[in-house]
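Below: one structure, written as structure tokens.
Residue numbers (this note's numbering), protein chains in the order written: chain A, 1 to 372; chain B, 1001 to 1222.
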């Protein structure tokens, strides 16, 4: 009966109630849509890093005096369970030249199949010396052209597509075989770092544990760096950023809350005598409080549920506009943000009604009845 | 039984103090029909509201069935109003969004009675005041006299011992007023409900067992 009474009270001021509901709808929609967008953004980033997220970079532990990783360690890395691929890499800076042009570049000693596993080609093949796109542009290199590194000539077999990694910047790099690298730099069988790939993202932690158990057992020879950590950090920053955006969107909910506060206060004044009557015929103060809170709850529920449903549309549009794809809108984590939006919507309505409801319940029946 | 002992009521309006009642002594036996007469501003409504536990006296005692209302908590007063007292007001004060039946149900809702029981009782009461056919109408679809009869039915919802009427015919024409007064009188005679009625209409005195006159907060004729 009280719910019925509350609903009819709201119907009495249809326009006012509708406007309040619209306020809540907008607020909830803003919060949830941005939440959905944030989640989609994370998903897109993970998708972009999917290829390298399951990589672990093993570097010498410089703090313990190790400056290189020896081939014995590389062999041991290969025997670790969950390891799918081990790519040992040598690195050196050198002056390179093509015709009359010269530049400094990073030279990597890496096997052909490993280049294939790490990078995509723009043109040519993986045979011979592979150069990064910036170097190719600078030299205006053609496939088959010859560049000089430390006075030794290399035939360019392929040019890499422009891309970025955390460990290697391929755009300013030249990739040659480990054998050639050893020859021109007179290097020993030692590596600068090793990229270890696992079959899945979840294996990364296991591999790190094994490396620490097997290789760093007696003393810390190598450091393990997980690319996953970077993604996790990006995700954590994105989460904060999403939260911040949601807070800004929350301002619209705040405005909706103020409007509910306003209409509820108007209602208490308009219905003063009615409240007096209810108190006279046996309604407790709490009953009056309950009636007003119920009214707010109904407004909040209706607004929030509609807003929650509409936020999928909002998220869809934002995703489509900014991410150019809407395939992440309906992932489970989006639902969480819709739920958050709905909860905030309902809570806002209730909190806004607290003061008017309290005020109504504090009316003295005699004064309320005599109110003109 | 209702008993007022040396009751004084002072209202503060801004910095001014208005004495609404001055040392009023009054005793109403169960089953009595009392009319309190007096011009407007005489304090008769204040007297009624004190008996109705809507207000507490500044000095003196108001006893309802032997209970001193000054000593009761807010909650106890509410329950006393709900269970023992029925109110009838000049402006009916029906809830506009509720039907006649639902208006009559309200005091029972506050008492926590189950829906089926409430509806049965409300229908009986509406039948008693001759409005059974109009039970689903909203107040604005009823005439003034009909609205007041709904209000009477509502006042009787929880079987009160005392019926307090504040100018119950004040907004009604003579004919409707007579119907309303006849119902109130019948309740008094047949059900033994104590009636305290406040008015400045001398014709209503015909219904009373006792007439009390009040002026400037002082009872001067009993």
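Note that the Cβ used here is the ideal one computed from N, Cα and C, for glycine as well.
Small disclaimer: the values here were computed from a predicted structure and weren't measured.
- request: Taking only the alpha-carbon atoms, compute the straight-line gap between residue 49 of chain A and residue 70 of chain A and give it to the nearest angstrom.
  value: As a position in the first chain, residue 49 of chain A is number 49, starting the count at 1. As a position in the first chain, residue 70 of chain A is number 70, starting the count at 1. Cα-Cα distance, rounded: 29 Å.
query: chain B partners of residue 379 of chain A, CB-CB under 7 Å?
result: The question about residue 379 of chain A has no answer here: the residues shown for chain A are numbered 1 through 372.
- request: Could you tell me whether the Cβ of residue 374 of chain A comes closer than 9 Å to any Cβ of chain B?
  value: What the structure shows of chain A is the stretch from 1 to 372, and residue 374 of chain A is not part of that stretch, so it cannot be assessed.
query: Is the distance from the Cβ of residue 1110 of chain B to the Cβ of residue 272 of chain A below 9 Å?
result: Residue 1110 of chain B sits at position 110 when you count from the first residue of the second chain. Residue 272 of chain A sits at position 272 when you count from the first residue of the first chain. No. Outside cutoff.
field: Sequence-distant residues of the same chain with beta carbon closer than 6 Å to residue 152 of chain A, five excluded per side
entry: By one-based count along the first chain, residue 152 of chain A stands at place 152. Result list for residue 152 of chain A: 184, in chain order.
- prompt: Would you call residue 239 of chain A buried or exposed, if buried means 16 or more other Cβ atoms sit within 10 Å of its Cβ?
  reply: Here residue 239 of chain A refers to the residue found at position 239 of the first chain. By the Cβ-count criterion, residue 239 of chain A is exposed, with fewer than 16 other Cβ atoms from all chains shown falling within 10 Å of its own Cβ.
message: I'd like to know if the region 32-41 of chain A and the region 140-147 of chain A are in contact, where contact means that at least 3 CB-CB pairs between them fall below 8 Å.
response: The way I'd put it, the region 32-41 of chain A doesn't touch the region 140-147 of chain A; fewer than three beta-carbon pairs between them come closer than 8 Å.
query: Are the region 1089-1104 of chain B and the region 1050-1067 of chain B touching, with three or more C-beta to C-beta distances below 8 Å?
result: no
message: I need the boundaries of the alpha helix (DSSP H) containing residue 348 of chain A, first residue and last residue.
response: As a first step, residue 348 of chain A is located in the first chain; it is residue number 348 there, counting from the start. Run containing residue 348 of chain A: 332-361, per the alpha helix (DSSP H) assignment.
- prompt: residue 1266 of chain B to residue 1208 of chain B, Cα distance in whole Å?
  reply: Beyond the ends of chain B as shown, which are 1001 and 1222, falls residue 1266 of chain B; an answer cannot be given.
- request: From the DSSP output, in three-state form, read off residue 167 of chain A for me.
  value: Along the first chain, one-based indexing puts residue 167 of chain A at 167. DSSP places residue 167 of chain A in coil when its eight states are reduced to three.
task: Quick one: residues in its chain with C-beta nearer than 7 Å to the C-beta of residue 318 of chain A, no 5 flanking neighbours on either side, listed in chain order?
output: In the first chain, residue 318 of chain A corresponds to position 318, counting from 1. Within the same chain, residue 318 of chain A has close Cβ partners 33 and 37.
query: Between the C-alpha atoms of residue 244 of chain A and residue 345 of chain A, what's the straight-line distance to the nearest angstrom?
result: Indexing the first chain from 1 puts residue 244 of chain A at position 244. Indexing the first chain from 1 puts residue 345 of chain A at position 345. Roughly 17 Å separates the two Cα atoms.
- prompt: Short check: CB of residue 132 of chain A to CB of residue 178 of chain A, under 9 Å?
  reply: Sequence index remark: in the first chain, residue 132 of chain A carries index 132 (1-based). Sequence index remark: in the first chain, residue 178 of chain A carries index 178 (1-based). Taking 9 Å as the Cβ cut-off, residue 132 of chain A and residue 178 of chain A do not qualify as a contacting pair.
Collapsed DSSP secondary structure at residue 64 of chain A in the structure displayed: Within the first chain, the letter at position 64 stands for residue 64 of chain A. Residue state, collapsed to three classes: helix.
field: Contact set between residue 8 of chain A and chain B, taken where Cβ atoms lie within less than 8 Å
entry: Taking the first chain and counting its residues from 1, one reaches residue 8 of chain A at position 8. Within chain B, the residues near residue 8 of chain A are 1097 and 1098.
query: Applying the criterion that 16 or more other CB atoms from any shown protein chain within 10 Å of the CB defines a buried residue, is residue 1050 of chain B buried or exposed?
result: Numbered from 1 along the second chain, position 50 holds the residue referred to as residue 1050 of chain B. Per the 10 Å Cβ criterion, buried.
message: Quick check on the burial criterion: 16 or more other C-beta atoms within 10 angstroms. Buried or exposed for residue 229 of chain A?
response: Reading the first chain from its first residue, position 229 is the one you call residue 229 of chain A. Looking at its Cβ environment, which holds fewer than 16 other Cβ atoms inside 10 Å, residue 229 of chain A is exposed.
- prompt: Does DSSP put residue 1017 of chain B in a helix, a strand or coil?
  reply: By 1-based counting over the second chain, the position of residue 1017 of chain B is 17. Strand at residue 1017 of chain B.
task: Identify whether residue 270 of chain A lies in helix, strand or coil by the three-state DSSP scheme.
output: Within the first chain, residue 270 of chain A is the residue found at index 270, counting from 1. Helix at residue 270 of chain A.
query: Do you know how far the Cα of residue 40 of chain A is from the Cα of residue 236 of chain A?
result: On the first chain, position 236 is the one that residue 236 of chain A refers to. On the first chain, position 40 is the one that residue 40 of chain A refers to. C-alpha separation (whole angstroms): 14 Å.
message: Please identify the residue among A:148, A:84, A:104 and A:216 whose C-alpha is closest to the C-alpha of residue 64 of chain A.
response: For the purposes of this step, residue 64 of chain A is identified with residue 64 of the first chain, where counting begins at 1. Nearest of A:148, A:84, A:104 and A:216 to residue 64 of chain A, Cα basis: A:216.
Check whether residue 297 of chain A and residue 253 of chain A have beta carbons under 9 Å apart: Translated into positions along the first chain, residue 297 of chain A becomes position 297. Translated into positions along the first chain, residue 253 of chain A becomes position 253. The answer is no: Cβ separation not under 9 Å.
query: Which stretch, first to last residue, makes up the alpha helix (DSSP H) that contains residue 368 of chain A?
result: Position 368 of the first chain holds residue 368 of chain A. Taken as a continuous stretch (DSSP letters only), the alpha helix (DSSP H) holding residue 368 of chain A covers 365-370.
query: Going along the chain, which unbroken runs of the beta strand (DSSP E) with 3 or more residues stay wholly within the region 8-65 of chain A?
result: 55-60
task: Kindly list the residues whose CB is nearer than 7 Å to the CB of residue 58 of chain A, restricted to its own chain and excluding five residues on each side of it in sequence; keep chain order.
output: The sequence position of residue 58 of chain A within the first chain is 58, counting from 1. Taking residue 58 of chain A as the centre and dropping the five residues before and after it, the same chain places the C-beta of 69, 77, 193, 194, 196, 211, 222 and 224 closer than 7 Å to its C-beta, in chain order.
From A:85, A:293, A:11 and A:285, residue whose alpha carbon lies closest to that of residue 203 of chain A: Working through the first chain from its first residue, we reach residue 203 of chain A at position 203. Here the closest residue by C-alpha is A:85.
field: Alpha carbon of residue 357 of chain A to alpha carbon of residue 343 of chain A, nearest angstrom
entry: The residue given as residue 357 of chain A occupies position 357 in the first chain. The residue given as residue 343 of chain A occupies position 343 in the first chain. Distance between the alpha carbons of residue 357 of chain A and residue 343 of chain A: 20 Å.
- prompt: What number of angstroms, rounded off, separates the C-alpha of residue 280 of chain A from the C-alpha of residue 1198 of chain B?
  reply: For the purposes of this step, residue 280 of chain A is taken as the residue at position 280 of the first chain. For the purposes of this step, residue 1198 of chain B is taken as the residue at position 198 of the second chain. A direct Cα-to-Cα measurement between residue 280 of chain A and residue 1198 of chain B gives close to 17 Å.
- prompt: Rounded C-beta distance between residue 1023 of chain B and residue 1046 of chain B? I'm assuming under 8 Å.
  reply: Taking the first residue of the second chain as position 1, residue 1023 of chain B is located at position 23. Taking the first residue of the second chain as position 1, residue 1046 of chain B is located at position 46. Between residue 1046 of chain B and residue 1023 of chain B the Cβ distance is about 14 Å, and since that is not below 8 Å, they are no contact.
- prompt: Between residue 296 of chain A and chain B, is there a C-beta pair that is closer than 9 Å?
  reply: Locating residue 296 of chain A in the first chain gives position 296, counting from the first residue. For residue 296 of chain A, not one C-beta of chain B is nearer than 9 Å to its own C-beta.
- request: For chain B, find out if any of its Cβ atoms is closer than 9 Å to the Cβ of residue 281 of chain A; answer yes or no.
  value: Taking the first residue of the first chain as 1, we reach residue 281 of chain A at position 281. At least one chain B Cβ lies under 9 Å of residue 281 of chain A.
query: Quick one: what does DSSP say residue 1148 of chain B is sitting in, helix, strand or coil?
result: Here residue 1148 of chain B is taken as the residue at index 148 of the second chain, counted from 1. In this structure, residue 1148 of chain B counts as helix in the three-state DSSP scheme.
- request: Spell out whether any CB of chain A is found under 9 Å from the CB atom of residue 1111 of chain B.
  value: Here residue 1111 of chain B refers to the residue found at position 111 of the second chain. Taking Cβ atoms only, chain A reaches closer than 9 Å to residue 1111 of chain B, which makes this a yes.
query: Is the beta carbon of residue 1200 of chain B sitting closer than 9 Å to the one on residue 1096 of chain B?
result: The count along the second chain starts at 1 and reaches residue 1200 of chain B at position 200. The count along the second chain starts at 1 and reaches residue 1096 of chain B at position 96. Taking C-beta atoms as the reference points, residue 1200 of chain B and residue 1096 of chain B fail to come closer than 9 Å.
Presumed contact (8 Å Cβ cut-off) between residue 1129 of chain B and residue 1088 of chain B, rounded CB distance: Translated into the one-based positions of the second chain, residue 1129 of chain B becomes position 129. Translated into the one-based positions of the second chain, residue 1088 of chain B becomes position 88. Going by Cβ atoms, the distance from residue 1129 of chain B to residue 1088 of chain B rounds to 11 Å, so no, they are not a contact pair.
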